[in-house]
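Numbering (my numbering), first residue to last: 25 to 449.
Ideal Cβ positions, reconstructed from N, Cα and C, are used throughout, including at glycine.
A short worksheet on the structure shown next.
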Ligand SMILES: Cc1ncc(COP(=O)(O)O)c(C=O)c1O
């Protein structure tokens, strides 16, 4: 370990030293020792078009020569304005007000504050949120509060605000009773809301795929029924699309794929194609209007030094252009994953094979408890590295989420690697 760096999610005492990356191009990372590693997880799910994409690099360079950063209160700039317009055009009708921040956790914090204050601004105190078991929304205190209680938040549990957690109706290929599972969840939610819907500011969900909680997937039909419920009881629906946004579910956004328009959506990760930290929280005019007032207390008093950083906005605009060019790739990746997963059906080492868009996942059968500390993760990581693959299972959940520039040959190589790793564990 470097003597001056404290690495994230890392127990320095027991972890192997990190690998030093010298450069990266397309799907390949090149290490200082000249080894080449294929980035099968888009570097924590941020990279969309491949590393060091010249179009995004060029856009950042051009922007840096013009305006690198400026205070975003009392001042504005073209890249932020254009980006807000382009995002609103791509999202379902109704999501129209864009609030900038700089990472997924802060996008969620802003969404929670917006939802909470939306009610306060209408003289209502709604102290609680509903979230889902298995959810992960980030590491700041608000985001941790609406995240499933886990190893990551355990130490801070007394500091987290009160949230009611609903089961999440996860599904997978060959799941025969998903309708019943969904019915149970929806009935429980309905009962909770019937008891006292006026306690709740909103409900937050990672639509279609729960990321860090283990790539757990749910159906479009569930989201549609959830929306009906939320409308019936008049609480706010927040979609955390920090991971699922920008093509990951096979469509531009999970909300478009499910044809469900939330009241608030959080976007980050892929927004800049994986080049720079940036995020947005986008809400409806109905929410914005409750903040629009002569009364200063109704203002959303939130912001960050690098809010709407022009370099990030320029990268995001270039990435959006690449998304349009590559739409067919993210639209069609699910079919490729499904083809490769066929080989694993009936394999006793894995279960719950599942695919949503560009994301494929499976649970490795293990005698140890499922969860982040399951040792199979380390074993797979090491074996993958020997094969030149960057895989980072979430406990015993092995998943692939490659950049969209992956070729068919490279994807085949990834799966060949996975088949042989599974045979050896
Ligand atoms: C769905 C979701 N929300 C929020 C976050 C937090 O994002 P960040 O790590 O940029 O703070 C993550 C990160 O993995 C995520 O997957």
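Query: Among 102, 417 and 147, nearest to residue 222 - alpha-carbon criterion; Result: 147
Query: Coarse secondary structure for residue 429, derived from DSSP in three states; Result: coil
Query: Neighbour-count burial assignment, residue 161, 16 or more Cβ in a 10 Å radius; Result: buried
Query: Distance CB(residue 167)-CB(residue 129) smaller than 8 Å; Result: yes
Query: Nonlocal neighbours in the same chain, by C-beta distance under 6 Å from residue 336, ignoring five residues either side; Result: 296, 300 and 302
Query: C-alpha distance - residue 449 paired with residue 60, whole-angstrom precision; Result: 24 Å
Query: Whole-Å CB distance - residue 374 paired with residue 389, under 8 Å assumed; Result: 6 Å
Query: Residue 201 Cβ short of 7 Å to ligand 1 heavy atom set; Result: no
Query: 4 or more residues per run - each alpha helix (DSSP H) lying fully within the stretch 164-243; Result: 165-169 and 202-220
Query: Validate contact between the stretch 277-285 and the stretch 94-110 using beta carbons, cut 8 Å, 3 pairs; Result: no
Query: Classification of residue 381 by the beta-carbon crowding that lies within 10 angstroms, buried from 16 upward; Result: buried
Query: Boundaries (first-last residue) of the beta strand (DSSP E) holding residue 122; Result: 119-125
Query: Expected contact under 8 Å - CB spacing of residue 338 and residue 89 to nearest Å; Result: So it is not a contact: roughly 11 Å between Cβ atoms.
Query: Anticipated Cβ contact below 8 Å, residue 285 with residue 119, distance rounded; Result: 7 Å
Query: Rounded separation between residue 80 and residue 71 - CA only; Result: 12 Å
Query: Own chain residues within Cβ distance below 7 Å of residue 43, not counting five before or after; Result: 55
Query: Coil, strand or helix - residue 159 by DSSP; Result: coil
Query: Residues of its chain near residue 193, where Cβ-Cβ distance is below 7 Å and the 5 sequence neighbours each way are ignored; Result: 202, 205, 206, 209, 242 and 246
Query: Supposed contact pair residue 421 and residue 238 - C-beta distance, whole angstroms, cut 8 Å; Result: 4 Å
Query: Near ligand 1: residue 194 beta-carbon under 7 Å from a heavy atom; Result: no
Query: Any residue whose CB is nearer than 6 Å to a heavy atom belonging to ligand 1, listed in chain order; Result: 127, 128, 129, 132, 160, 161, 162, 230, 235, 236, 264, 266, 267 and 292
Query: Boundaries of the beta strand (DSSP E) in which residue 423 is found, first to last residue; Result: 421-424
Query: Cβ neighbours of residue 263 in the same chain (closer than 6 Å, five flanking residues each side left out); Result: 231, 279, 286 and 289
Query: Residue burial classification, residue 63 (beta-carbon count within 10 angstroms, cutoff 16); Result: buried
Query: One or two residues paired with residue 50 in a DSSP bridge; Result: 75
Query: As assigned by DSSP and simplified to three states, the class of residue 105; Result: helix
Query: CA nearest to the CA of residue 322, picked from 443, 314 and 191; Result: 314
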